[in-house]
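> Chains as they are written, first to last, in my numbering: chain A, 2 to 379; chain B, 2 to 379.
Note that the Cβ used here is the ideal one computed from N, Cα and C, for glycine as well.
All figures in this text were calculated on a predicted structure; none of them were measured in a lab.
2 protein chains.
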Amino acid sequence: MNIIVSYRINFHFLFSQKITYTKNMKIVQIAPLWENIPPPLYGGTERIVSSITEGLVTKGHDVTLFAVGTSHTNAKLVSVYPRPLFRDHIAWTNIMYPLLNITEAFDREKEFDIIHMHLNKSSDYLALSLAVPIKHKVVFTLHFPYPVAQNRDDRHAVFQKYKDLNYISISNSQRRGGENMNWIATVYNGIDLTPFTLNHSPQNYLLWLGKFNPDKGTREAIQAAQKAGMTIKIAGAIDKLEGANFEYWEKEVKPLIDNHRVIFVGEVDDVKKNKLYGNAYAFLNPIQWNEPFGLVMVEAMATGTPVISFKNGAAPELIKNNETGYLVDTVDEMVEAIGKIDAIDRKTCRLHVEKHFTEAIMTNNYEDVYQKILDNMI
Amino acid sequence: MNIIVSYRINFHFLFSQKITYTKNMKIVQIAPLWENIPPPLYGGTERIVSSITEGLVTKGHDVTLFAVGTSHTNAKLVSVYPRPLFRDHIAWTNIMYPLLNITEAFDREKEFDIIHMHLNKSSDYLALSLAVPIKHKVVFTLHFPYPVAQNRDDRHAVFQKYKDLNYISISNSQRRGGENMNWIATVYNGIDLTPFTLNHSPQNYLLWLGKFNPDKGTREAIQAAQKAGMTIKIAGAIDKLEGANFEYWEKEVKPLIDNHRVIFVGEVDDVKKNKLYGNAYAFLNPIQWNEPFGLVMVEAMATGTPVISFKNGAAPELIKNNETGYLVDTVDEMVEAIGKIDAIDRKTCRLHVEKHFTEAIMTNNYEDVYQKILDNMI
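1. Across the region 126-138 of chain A and the region 55-75 of chain A, are there enough close Cβ pairs to call them in contact, namely three or more that are closer than 8 Å?
2. Measure the C-alpha to C-alpha separation of Arg-177 of chain B and Tyr-147 of chain B and round it to an integer number of angstroms.
3. Cβ of Asp-330 of chain B less than 9 Å from any chain A Cβ?
4. DSSP state of Phe-160 of chain A, grouped into three classes?
5. For Val-159 of chain B, return the contacting residues in chain A, with the cut-off set at a CB-CB distance below 7 Å.
6. Specify the secondary structure class of Gly-279 of chain A as computed by DSSP and reduced to three states.
7. Would you mind stating whether Tyr-168 of chain A and Asp-155 of chain B have Cβ atoms separated by less than 9 Å?
8. Rounded to a whole number of angstroms, what is the C-alpha to C-alpha distance between Gly-267 of chain B and Tyr-282 of chain B?
9. Step through the CB atoms of chain A and report whether any lies within less than 9 Å of the CB of Ser-130 of chain B.
10. Around the Cβ of Thr-359 of chain A, are there at least 16 other Cβ atoms within 10 angstroms (buried) or fewer (exposed)?
11. Quick one, which of B:Asp-193, B:Pro-134 and B:Gly-45 has its alpha-carbon nearest Lys-122 of chain B's?
12. Just the chain B side, please: which residues come within less than 8 Å of Leu-127 of chain A by C-beta, in chain order?
13. Quick one: which chain A residues come within Cβ less than 8 Å of Arg-88 of chain B?
14. Relative to the C-alpha of Ile-233 of chain B, which residue among B:Asn-205, B:Lys-164 and B:Thr-306 is closest?
15. Take Glu-221 of chain B and list the residues in its own chain whose beta-carbon comes closer than 6 Å to its own, dropping the five residues that flank it on each side.
16. Please determine if the region 70-89 of chain A and the region 106-118 of chain B are in contact, where contact requires at least 3 C-beta pairs separated by less than 8 Å.
17. Output the boundary residues of the beta strand (DSSP E) element that contains Ala-186 of chain A.
18. Take Ala-315 of chain B as the anchor and find which of B:Tyr-327, B:Gly-295, B:Glu-300 and B:Gly-305 has the nearest alpha-carbon.
19. Which same chain residues end up closer than 7 Å to Val-380 of chain B when comparing Cβ atoms and leaving out the 5 residues on each side of it in sequence?
20. What residue range does the beta strand (DSSP E) around Val-236 of chain A cover?
21. Nearest chain B C-beta to Phe-113 of chain A closer than 9 Å, yes or no?
22. I need the boundaries of the alpha helix (DSSP H) containing His-90 of chain A, first residue and last residue.
23. Just how far apart, CA to CA, sit Glu-110 of chain B and Leu-131 of chain B?
24. Any heavy atom of the ligand FMN closer than 8 Å to the CB of Ala-245 of chain A?
25. In the structure shown, what three-state DSSP assignment does Ser-30 of chain A receive?
26. Please list the partners that Arg-156 of chain A has in chain B, where partner means a Cβ-to-Cβ separation under 8 Å.
27. Output the distance between the C-alpha atoms of Glu-381 of chain A and Ile-320 of chain A, rounded to the nearest integer angstrom.
28. Going by C-alpha to C-alpha distance, which of A:Val-69, A:Glu-47, A:Asp-63 and A:Glu-300 sits closest to Leu-199 of chain A?
29. Report yes if the CB atom of Asn-280 of chain B is closer than 9 Å to the CB atom of Pro-203 of chain B, and no otherwise.
30. Cβ of Ile-53 of chain A within 9 Å of Cβ of Glu-47 of chain A?
31. Do you know how far the Cα of Gln-30 of chain B is from the Cα of Gln-175 of chain A?
32. DSSP on Met-118 of chain A, reduced to helix/strand/coil?
33. Rounded to whole angstroms, what is the Cα-Cα separation between Lys-164 of chain B and Lys-27 of chain A?
34. Can you give, in chain order, each stretch of the alpha helix (DSSP H) that sits fully within the region 236-263 of chain B and has at least 4 residues?
35. Find out if the Cβ-Cβ distance for the pair Tyr-246 of chain B, Phe-213 of chain B is shorter than 9 Å.
36. Could you check the C-alpha separation between Leu-166 of chain A and His-144 of chain A for me, to the nearest Å?
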C-alpha cells in the first residue's frame, strides 16, 4: 500500500486540496447477504457495493468483498454462505449469517487498511460494537434514512452510543436527526450510465416510476398530470408483501388508471426503462418522505428528462432548481412547474448526472475518504 | 474480591475436590429485556437469572444485574430500558435493545471478575463475538436446546465459530449435537421450594401441565390415561399466537376434553398449582422432543408426585427411574408404569428435589464455576 502514484485535485472536502494517492490499499467491502453482488435486478445497496468494489479493483487496489458465494467480482471473494439468503427462504430478521459475515471480516482486520461496512438491515448494527477497538480503519455508509423519531428510537439510541465512529451519508439531508454523528463525508450514489442515452426529442407524456407506496406519491403525480391536462405513464413494481403498500395500490392508484390518460406500464427492463425515461416530457417525483437519495431522479436526468420533485429528502441536492428541473411543495406548484419545462435544457440534465452521479465519481469519492483515513486526516 | 472465607466440599466437578472460596466477587448477570427480573408469572430464563442474582447477593458477592428498569433486585441494577420491552410492543426480533444491554456490560468489563450471559433469544448471540477478547471471564448459559440439525444450521454455525468460549449446559442431554463445544459445567435449574409442599395422600387423577403444543405430548398423556382407565386433569396456557400450537389445541386436544374423565383446568396460580400437583396420583410427561430441562417434572416431584416421562431430553437426568418415577418410550409403557406408581415413595420424590434442584444448590453450583474461573482452573 505504500507506493505513491498520482495527485488529483479534490473538491469534495476542501476546495482545491491536494491528496497524495496510495496505490494498492487493502480494502474490505462488507455487503448484505440476501442478494448477489451485483444484484440481477432490484437491490440498491447491492448495486452500489458492486460498483465501488469493481471500481476500486480497476484502480489497482487490493479489494476483498465479503458477500455470498454466487456473487460476481474481480475482487477477492469471501463467503460465509454459498448463495443469496433469500433463495433459501432465510428470514430478513436472521442475524446469524450477518454475524458470521461481519465477524469474519473484523477477525481479519490486521490484513486490511480499510473496512467499509454497508449498513442496510438491522442486523448490520452489530458491526458498530465490533468497530470500536479499530475505529480508525472502519467506515460505515448508511443506506437508509437516519432513524429519527417515530418508532425507531431503538436504532437512534444505538447510533448515539456509537456516534464517534466514521459515518458516510449518501446525501446531506440524510443526516437530519443525527447531526451530532461523526459524519466524515457525503458520497452521493453513482449510476452506470451505459443503459441511459440522452434523448433530445421527447414525447408529450409525464412519467412516474417507482415502487407503489404512499411515500413515493404515485397518487399526487397522477393528480398533477390530470390538473395539467396531460397524459401520465406510471411504471414500477406492485408490492404484494407489504399490506399497506398493496392497499395503497388497490385503493389509491389502480382506480385512477384508465390506460388512456393514466397509463400503467408495469415493471420494465433496462432497454425499456431508457426509452420510457428518455421519451418523457418530465419526470414527476412528489415524494412524501425524506428519501435519503432517489435513484429515479438521477436516471431520468441521465436521459435528459427534467425532474419536478417535492422539496423533500435529497431532492434539493440531486436537482439543480430551474436548470435540471423544479423543486416544489404542492401538487399545484407541480402543475405550474410542468408549464415551465420548456425552459429546461435536456443536455444540461444529462451533463449534471455525468458530472456528479456516476459510478466512477462515487468510487473516486470513496477512494478519497479512504486515503484521508490512511493519512490520518479524518 | 480477595478475602478467602470458607471451604466447601464440591461434588460437581470432581469428587471431593476442595475449592477455596473468594468473598465479594464482582459478578455481572446479563438478563433478557422482554420481562422483569423476576417475572411476575411465566418466564423461565428470567426466573433463573433472578434466583442466581439474589442468591449471590445473599452470599456477599458484588452483583450487577443488567435488566429492565422495573426489575426487583438487591443487586446493582443497570438498565438500558425502563420497563419490559413486551409492554411497549417491541418485536421479539428487535436486536437494538439487547445490543445496548450487552455492550453496556461488556464495555465495563474491567470493573468485573465474571460476566455471566444468559443466552435466551437469537439477538443474544451477538455477545459471543464480543466475548472473544475477554473470554476467560465470560460464561454463557444456554437456556434453549443446542441448535442441532433442522432449520437451525445458522445458529449451529455461530456456536461452532465460538466453540472455545465458556459454556454451561442446564442438562447433559442439552449438549447433543454440540459435543465439541467448550462445556465447562452442567448446572441444573433450581426452583424456589416455598410454594411446593409434600402431599402424602394424593387423589386418584393423573396430571399433565404445560403449554399446549405437539412437543409437550398433551394428546399422548390423555391417551395413556384413557388406556389406564383413569381421570386426567390437563392444565396450562393455550398459545393463541403460534398457529401450529393453536391448531394442535383446537384439533388434537380440545375434542378429547369431556370434563369428566378428561378435565381442563386452564392456567393456575402458585397456590392452586401446588394443590394440583400434590393431589395428583402421577404426573405424565410424554414429551416428543429433547427438552433441555423440564421444570414441570421438578415441580411435580417437589409435591411428592412421581413423574412418568418419555425418555427424551433431560428426563433421565431429572427422574430417578424406579425411585421418583419411570422413564418410558411409548404410551403403552406409560400405561404399564401407571400400574406401578404405588411402588414409588412420595417422600423420596420430594427429597430428590431438595437435594438436586433448588435455587440454593443452583446458586452454589454457579458460584463454584465462577470460583474455578478465578482460580484459572477452567
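Result, derived from the coordinates:
1. no
2. Looking up residue 177 of chain B in the second sequence gives position 176. Looking up residue 147 of chain B in the second sequence gives position 146. About 7 Å.
3. The residue you call residue 330 of chain B lines up with position 329 of the second sequence. Not closer than 9 Å to any Cβ of chain A, the Cβ of Asp-330 of chain B fails to qualify, so no.
4. Along the first sequence, read from residue 1 onward, the residue named residue 160 of chain A stands at position 159. Residue state, collapsed to three classes: helix.
5. The residue you call residue 159 of chain B lines up with position 158 of the second sequence. Result: Met-97, Leu-100 and Leu-101.
6. Position 278 of the first sequence, counted from the first residue, corresponds to residue 279 of chain A. Three-state result, Gly-279 of chain A: helix.
7. Numbered from 1 along the first sequence, position 167 holds the residue referred to as residue 168 of chain A. Numbered from 1 along the second sequence, position 154 holds the residue referred to as residue 155 of chain B. Contact flag unset, no.
8. Numbered from 1 along the second sequence, position 266 holds the residue referred to as residue 267 of chain B. Numbered from 1 along the second sequence, position 281 holds the residue referred to as residue 282 of chain B. Each residue's alpha carbon lies about 19 Å from the other.
9. Counting from 1 along the second sequence, the entry for residue 130 of chain B is found at position 129. For Ser-130 of chain B, the answer is yes, since a Cβ of chain A falls inside 9 Å of its Cβ.
10. Residue 359 of chain A sits at position 358 when you count from the first residue of the first sequence. So Thr-359 of chain A counts as buried.
11. Taking the second sequence and counting its residues from 1, one reaches residue 122 of chain B at position 121. When only C-alpha atoms are compared, the closest one is B:Gly-45.
12. Mapped onto the first sequence, residue 127 of chain A falls at position 126. Residues of chain B passing the Cβ test: Ile-96, Leu-100, Leu-127 and Ser-130.
13. Position 87 of the second sequence, counting from 1, holds the residue named residue 88 of chain B. Going along chain A, no residue has its Cβ under 8 Å from Arg-88 of chain B, so there is no contact; the nearest lies around 14 Å.
14. Position 232 of the second sequence, counting from 1, holds the residue named residue 233 of chain B. Here the closest residue by C-alpha is B:Asn-205.
15. One-based indexing of the second sequence puts residue 221 of chain B at position 220. If we look at Glu-221 of chain B and ignore the five residues flanking it on each side, its Cβ neighbours are Pro-287 and Val-332.
16. no
17. Here residue 186 of chain A is taken as the residue at index 185 of the first sequence, counted from 1. Unbroken beta strand (DSSP E) run through Ala-186 of chain A: 184-187.
18. On the second sequence, position 314 is the one that residue 315 of chain B refers to. With distances taken between Cα atoms, Ala-315 of chain B lies closest to B:Gly-295.
19. In the structure as shown, chain B starts at 2 and stops at 379, and residue 380 of chain B therefore has no counterpart that could be examined.
20. Stepping through the first sequence from its first residue, residue 236 of chain A is reached at position 235. Note on identity: in this sequence residue 236 of chain A is Ala, with Val being the wrong assignment. In the DSSP annotation of this structure, the continuous segment of the beta strand (DSSP E) that includes Ala-236 of chain A starts and ends at 233-238.
21. Within the first sequence, the letter at position 112 stands for residue 113 of chain A. No, because no Cβ of chain B sits closer than 9 Å to the Cβ of Phe-113 of chain A.
22. Walking along the first sequence from the start, residue 90 of chain A turns up at place 89. Per DSSP, His-90 of chain A belongs to no alpha helix (DSSP H) and is neither H nor E.
23. One-based indexing of the second sequence puts residue 110 of chain B at position 109. One-based indexing of the second sequence puts residue 131 of chain B at position 130. Answer to the nearest angstrom: the Cα atoms are 11 Å apart.
24. Although the ligand FMN was asked about, the structure shown includes no ligands whatsoever.
25. Along the first sequence, one-based indexing puts residue 30 of chain A at 29. Note that residue 30 of chain A is Gln in the sequence shown, not Ser. If DSSP states are grouped into helix, strand and coil, Gln-30 of chain A belongs with the strands.
26. Position 155 of the first sequence, counted from the first residue, corresponds to residue 156 of chain A. Chain B residues near Arg-156 of chain A: Met-97.
27. This structure leaves residue 381 of chain A out entirely; chain A is present only between 2 and 379.
28. As a position in the first sequence, residue 199 of chain A is number 198, starting the count at 1. Measuring from the Cα of Leu-199 of chain A, the nearest candidate turns out to be A:Glu-300.
29. Residue numbering aside, residue 280 of chain B sits at position 279 when the second sequence is read from its first letter. Residue numbering aside, residue 203 of chain B sits at position 202 when the second sequence is read from its first letter. Cβ distance < 9 Å, so Asn-280 of chain B and Pro-203 of chain B count as in contact.
30. Counting from 1 along the first sequence, the entry for residue 53 of chain A is found at position 52. Counting from 1 along the first sequence, the entry for residue 47 of chain A is found at position 46. No, the Cβ-Cβ distance between Ile-53 of chain A and Glu-47 of chain A is not below 9 Å.
31. Position 174 of the first sequence, counted from the first residue, corresponds to residue 175 of chain A. Position 29 of the second sequence, counted from the first residue, corresponds to residue 30 of chain B. Roughly 38 Å separates the two Cα atoms.
32. As a working note, residue 118 of chain A is residue 117 in the first sequence. In the structure shown, Met-118 of chain A sits in a strand (DSSP, three-state: E or B).
33. Start at 1 with the first residue of the second sequence, and residue 164 of chain B comes out as number 163. Start at 1 with the first residue of the first sequence, and residue 27 of chain A comes out as number 26. So the alpha carbons of these two residues sit roughly 30 Å apart.
34. 244-249
35. Looking up residue 246 of chain B in the second sequence gives position 245. Looking up residue 213 of chain B in the second sequence gives position 212. The residue asked about is misnamed: residue 246 of chain B is Asn in this sequence, not Tyr. Yes. Within cutoff.
36. Residue mapping note: residue 166 of chain A aligns to position 165 of the first sequence, counting from 1. Residue mapping note: residue 144 of chain A aligns to position 143 of the first sequence, counting from 1. Their Cα atoms are separated by approximately 16 Å.
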